[in-house]
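**Student:**
Protein chains: 2
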Amino acid sequence: MTNRRVLLRSRPSGKVGHDNFEIRDVAMPALGDGQVLRRTIYLSLDPYMRGRMSDAPSYAAPVTVGEAMCGHTVSQVIDSRNASFRQGDFVAAYDGWQQYGISDGRDLRKLDPQAAPISTAIGVLGMPGLTAFVGLIDIGQPAAGETVVVAAAAGAVGSVVGQLAKIRGCRSVGVAGSDAKCRYVVDELGFDACVNYKQDDVYTALKTACPRRIDIYFENVGGVVSAAAFRLLNRGARIPLCGLIAEYNARGEAPGPNLLPVLVNRAMIRGFIVSDHVDRTVAFIAEVAPYVRAGRIKYREDITDGLDAAPEAFMGLLEGRNFGKALVRVSPDPTHP
Amino acid sequence: MTNRRVLLRSRPSGKVGHDNFEIRDVAMPALGDGQVLRRTIYLSLDPYMRGRMSDAPSYAAPVTVGEAMCGHTVSQVIDSRNASFRQGDFVAAYDGWQQYGISDGRDLRKLDPQAAPISTAIGVLGMPGLTAFVGLIDIGQPAAGETVVVAAAAGAVGSVVGQLAKIRGCRSVGVAGSDAKCRYVVDELGFDACVNYKQDDVYTALKTACPRRIDIYFENVGGVVSAAAFRLLNRGARIPLCGLIAEYNARGEAPGPNLLPVLVNRAMIRGFIVSDHVDRTVAFIAEVAPYVRAGRIKYREDITDGLDAAPEAFMGLLEGRNFGKALVRVSPDPTHP
Numbered sequence: 030m031t032n033r034r035v036l037l038r039s040r041p042s043g044k045v046g047h048d049n050f051e052i053r054d055v056a057m058p059a060l061g062d063g064q065v066l067r068r069t070i071y072l073s074l075d076p077y078m079r080g081r082m083s084d085a086p087s088y089a090a091p092v093t094v095g096e097a098m099c100g101h102t103v104s105q106v107i108d109s110r111n112a113s114f115r116q117g118d119f120v121a122a123y124d125g126w127q128q129y130g131i132s133d134g135r136d137l138r139k140l141d142p143q144a145a146p147i148s149t150a151i152g153v154l155g156m157p158g159l160t161a162f163v164g165l166i167d168i169g170q171p172a173a174g175e176t177v178v179v180a181a182a183a184g185a186v187g188s189v190v191g192q193l194a195k196i197r198g199c200r201s202v203g204v205a206g207s208d209a210k211c212r213y214v215v216d217e218l219g220f221d222a223c224v225n226y227k228q229d230d231v232y233t234a235l236k237t238a239c240p241r242r243i244d245i246y247f248e249n250v251g252g253v254v255s256a257a258a259f260r261l262l263n264r265g266a267r268i269p270l271c272g273l274i275a276e277y278n279a280r281g282e283a284p285g286p287n288l289l290p291v292l293v294n295r296a297m298i299r300g301f302i303v304s305d306h307v308d309r310t311v312a313f314i315a316e317v318a319p320y321v322r323a324g325r326i327k328y329r330e331d332i333t334d335g336l337d338a339a340p341e342a343f344m345g346l347l348e349g350r351n352f353g354k355a356l357v358r359v360s361p362d363p364t365h366p
Numbered sequence: 030m031t032n033r034r035v036l037l038r039s040r041p042s043g044k045v046g047h048d049n050f051e052i053r054d055v056a057m058p059a060l061g062d063g064q065v066l067r068r069t070i071y072l073s074l075d076p077y078m079r080g081r082m083s084d085a086p087s088y089a090a091p092v093t094v095g096e097a098m099c100g101h102t103v104s105q106v107i108d109s110r111n112a113s114f115r116q117g118d119f120v121a122a123y124d125g126w127q128q129y130g131i132s133d134g135r136d137l138r139k140l141d142p143q144a145a146p147i148s149t150a151i152g153v154l155g156m157p158g159l160t161a162f163v164g165l166i167d168i169g170q171p172a173a174g175e176t177v178v179v180a181a182a183a184g185a186v187g188s189v190v191g192q193l194a195k196i197r198g199c200r201s202v203g204v205a206g207s208d209a210k211c212r213y214v215v216d217e218l219g220f221d222a223c224v225n226y227k228q229d230d231v232y233t234a235l236k237t238a239c240p241r242r243i244d245i246y247f248e249n250v251g252g253v254v255s256a257a258a259f260r261l262l263n264r265g266a267r268i269p270l271c272g273l274i275a276e277y278n279a280r281g282e283a284p285g286p287n288l289l290p291v292l293v294n295r296a297m298i299r300g301f302i303v304s305d306h307v308d309r310t311v312a313f314i315a316e317v318a319p320y321v322r323a324g325r326i327k328y329r330e331d332i333t334d335g336l337d338a339a340p341e342a343f344m345g346l347l348e349g350r351n352f353g354k355a356l357v358r359v360s361p362d363p364t365h366p
């Protein structure tokens, strides 16, 4: 039995390219006592993976060169010598960019395909959704009537931030990279406004979209969006900082936003890493899962077929070419034939 | 009776120059019922005044062109038609850059020249000291064994930050603009180390001075010091942000520090304005005044004689040419003949 894997061949200097990856077929070891073998159905592509390709100091160890890229997965058990798992079970795992995973099962979480589509376990009801929840609710502490701005608003995190903010009575303003995404964000997700950062004068457009300026700027991109948002902060503004995707491909260190508006407005910036906040999962699921079931929180998936296409899809994610949560369908989803 | 005043003649674009000021003698009005007339002894020069010269949006209204520059003062009552004040009383006021002030007295705070030198009311025991206290203690929340970094370490705010941090059991590292200031900061004020940002490779020198990296970076300067400190943050670092003096004379908007270390280290930046925290004055005086009396917190004053020299002294402050708390002695101090 052969396992196809996408390895990190070399660390990128600046922009990620195909030459940073290598696709290799390796033999699977035999299943040991107590072990669980599963086939990857969905692989989640997330911006944080750019950090793991680099060996710059960060909050997690980098992927070793020559090893498979890391990543959250949704899989189906195809063989089990572990009493807790049966063939056919669906599980959430962290198997990375490969067709099969094998372990003692302690890294697996069983999924109920009746409760929600299995792909949501790595999307709106998974790590991206929890990131939105912790950043907006715990750090941002939104109050009704406040204005919340989030970039990558059609994406996995941004879409949940804006919809949760609406539910909490805020004005939700998105930023996205095309008119089609902006229309989706406003018409489908129900944001109050959306700015196309590739076409508009971002500062002027954001100012128009935020007539009462900005109380919470959910920072997940950096760059020009960040610079514009900082200039529009209200007194006492909060800036949950969970990502700087616009800067991940930069060679060397990009300058950040001028901090004078943070001083003048007594604003607060707080960096956070979602893995520190897994204790909030229960509260997150209790609040968000019913909204998803009721259609009050919508999500969109941008699915690329086949593991071989993962590098290209990941490069697209870093440049905002995805439209919705970026997933790779590594093998067919039996729940959506 | 003539009152000499230093007026804001024009708003600076970039660097402050002599042409932004105008010295003018005006007649004093007669003293009305209930009013108090005082002669300025000391005028405090502080970095925030650069903000008041500009009409960019800020936390306080700008000085009106043609009006006297604002500022904290220590004065002596020379005439009073107010039962609460007697000729000879020393008071702290906010009379600005002028020889005399007049008001109904509600803006005055009586000083006891026996308790502390009167000049400390606008220095180590005044607004600059309170700024250090609120930023370090309330926002920074220092724990024994942590490393605290502060720039302008020989100045009014920085010197108190570092000495208070030492008293709380922290490692205190200063940054200052000359070897003489650095020697003073270490030898006199008792900091553990000090980096000369004008001579050293700031990042390398700061790294050497902070072998356990940085837990609290008290941000009062911005610029190269800020960029270096951000790269050395520890996990959970706190950054009280009270000033960006290195950027005040910039034309347009200077870029800020890259925020990736804030994200990776789950750090927190919080802007604050000391005038929001006057409720902390009692706690501040209760803790710091005994240290000052006991010589555990030392201070140094950089006194310029004569109101006419205030513009030059203020320009020096913005470029770090002062060595200690910047004061103008507008008239002789009778308590220090």
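In order, the protein sequences belong to chains Y and H. Following this note's numbering, the numbering of the first sequence begins with 30 at its first residue and continues without gaps. Following this note's numbering, the numbering of the second sequence begins with 30 at its first residue and continues without gaps. Ideal placement from N, C-alpha and C gives every residue a C-beta, glycine not left out. Small disclaimer: the values here were computed from a predicted structure and weren't measured.
I'd like to know whether the C-beta of H/Val293 is nearer than 8 Å to at least one C-beta of chain Y.
**Tutor:** yes
**Student:** Which residues in the same chain have their Cβ closer than 6 Å to the Cβ of H/Ala275, if we skip the five residues on either side of it in sequence?
**Tutor:** Val250, Gly251, Gly252
**Student:** Using a Cβ-Cβ cut-off of 8 Å, state whether H/Ala6 counts as contacting chain Y.
**Tutor:** With chain H covering 30 to 366 only, the question about residue 6 of chain H has no answer from this structure.
**Student:** Candidates H/Gly345, H/Asp229, H/Leu262: which alpha carbon is nearest H/Arg295's?
**Tutor:** H/Leu262
**Student:** Please list, in chain order, all residues of the same chain as Y/Ile52 whose beta carbon is under 8 Å from its beta carbon, the five residues on each side excluded.
**Tutor:** Result list for Y/Ile52: Arg33, Arg34, Val35, Leu36, Leu336, Asp337, in chain order.
**Student:** Under 8 Å, Cβ to Cβ, is there at least one residue of chain B near H/Ser42?
**Tutor:** Of the chains in the structure shown, none is chain B; the protein chains are Y and H.
**Student:** Is there a C-beta anywhere in chain H that falls below 8 Å from the one on Y/Asn278?
**Tutor:** no
**Student:** Under the rule that 16 or more other beta-carbon atoms within 10 Å means buried, what is H/Arg135, buried or exposed?
**Tutor:** exposed
**Student:** Cβ closer than 9 Å: which chain Y residues qualify as neighbours of H/Met297?
**Tutor:** Met297, Ile298, Arg299, Gly300
**Student:** Residues in the stretch 66-89 of chain H with C-beta within 9 Å of chain Y's C-beta atoms, listed in sequence order?
**Tutor:** So the close ones are Gly80, Ala85, Pro86, Ser87, Tyr88.
**Student:** Using Cβ-Cβ distances below 8 Å, what residues of the stretch 203-218 of chain Y are close to chain H?
**Tutor:** none
**Student:** Please say whether Y/Leu72 and Y/Gly100 have beta carbons closer to each other than 8 Å?
**Tutor:** yes
**Student:** For the putative contact between H/Ile121 and H/Ala150, defined by C-beta atoms under 8 Å, what is the C-beta separation to the nearest angstrom?
**Tutor:** Residue identity differs from the one stated: residue 121 of chain H is Ala in this sequence, not Ile. H/Ala121 to H/Ala150, Cβ: 4 Å. Contact.
**Student:** How many Å lie between Y/Ser207 and H/Thr176 at the Cα?
**Tutor:** When rounded, the distance between both Cα atoms is 46 Å.
**Student:** Along the chain, where does the beta strand (DSSP E) that runs through Y/Phe119 open and close?
**Tutor:** 119-122
**Student:** If you follow the beta strand (DSSP E) that Y/Glu330 is part of, which residue opens it and which one closes it?
**Tutor:** Taken as a continuous stretch (DSSP letters only), the beta strand (DSSP E) holding Y/Glu330 covers 330-334.
**Student:** What does Y/Ala283 touch in chain H if you count any residue whose Cβ is under 8 Å from its own?
**Tutor:** Asn287
**Student:** Determine the closest residue to H/Asp229 out of H/Ile243, H/Cys211, H/Val65, H/Ile245, with distance taken between C-alpha atoms.
**Tutor:** H/Cys211
**Student:** Indicate whether H/Arg267 and H/Met297 have their beta-carbon atoms separated by less than 8 Å.
**Tutor:** yes
**Student:** Nearest-angstrom Cα distance between H/Leu193 and H/Phe162?
**Tutor:** Straight-line spacing of the CA atoms in H/Leu193 and H/Phe162 works out to 8 Å.
**Student:** Is there at least one Cβ from chain Y nearer than 8 Å to H/Leu261's Cβ?
**Tutor:** no
**Student:** In three-state terms, what does DSSP make of H/Arg53?
**Tutor:** Three-state result, H/Arg53: strand.
**Student:** Excluding the 5 residues preceding and the 5 following Y/Ser201 in the sequence, name in chain order all residues of the same chain whose CB lies nearer than 6 Å to its CB.
**Tutor:** Taken in chain order, the residues that qualify are Val177, Gly191, Ala194, Lys195, Phe220, Asp221.
**Student:** With a Cβ-Cβ cutoff of 8 Å, do H/Val231 and H/Gly203 count as a contact?
**Tutor:** No, the pair does not count as a contact, with Cβ atoms beyond the cut-off.
**Student:** If H/Thr93 and H/Asp124 are in contact, beta carbons under 8 Å, what's the gap, nearest whole angstrom?
**Tutor:** That pair is no contact at about 16 Å.
**Student:** So if I threshold CB-CB distances at 7 Å, which residues from the stretch 166-199 of chain H count as touching chain Y?
**Tutor:** none
**Student:** Check each candidate in Y/Met78, Y/Met98, Y/Leu60 and name the one with the smallest Cα separation from Y/Arg38.
**Tutor:** That would be Y/Met98, whose Cα lies nearest to the Cα of Y/Arg38.
**Student:** Would a C-beta distance cut-off of 8 Å place Y/Ala205 and Y/Ala185 closer than the cut-off?
**Tutor:** No; because the gap between Cβ atoms is not below 8 Å, this pair is not in contact.
**Student:** Does the beta carbon of H/Ala124 sit closer than 8 Å to a beta carbon anywhere in chain Y?
**Tutor:** The displayed chain sequence assigns Asp, not Ala, to residue 124 of chain H. No, no contact with chain Y.
**Student:** So what does DSSP say about H/Ser207, is it helix, strand or coil?
**Tutor:** coil
**Student:** Enumerate in chain order the residues of its own chain whose CB-to-CB distance from H/Ser132 is below 7 Å, with the five nearest sequence positions on each side excluded.
**Tutor:** Gln64, Val65
**Student:** Report yes or no: is there a C-beta of chain Y within less than 8 Å of the C-beta of H/Gly117?
**Tutor:** no
**Student:** Among Y/Val317, Y/Asp108, Y/Lys236, which residue has its Cα nearest to the Cα of Y/Met30?
**Tutor:** Y/Asp108
**Student:** Please classify H/Gly285: does DSSP put it in a helix, a strand, or coil?
**Tutor:** In the structure shown, H/Gly285 sits in a strand (DSSP, three-state: E or B).
**Student:** Counting contacts by CB-CB distance shorter than 8 Å, is Y/Asn164 in contact with chain H?
**Tutor:** Note on residue identity: the sequence assigns Gly, not Asn, to residue 164 of chain Y. Chain H contact via Cβ: absent.
**Student:** As an exercise, report each continuous beta strand (DSSP E) stretch of at least 3 residues that is fully enclosed by the stretch 65-150 of chain Y, in chain order.
**Tutor:** 65-73, 102-109, 119-122, 129-132, 138-140
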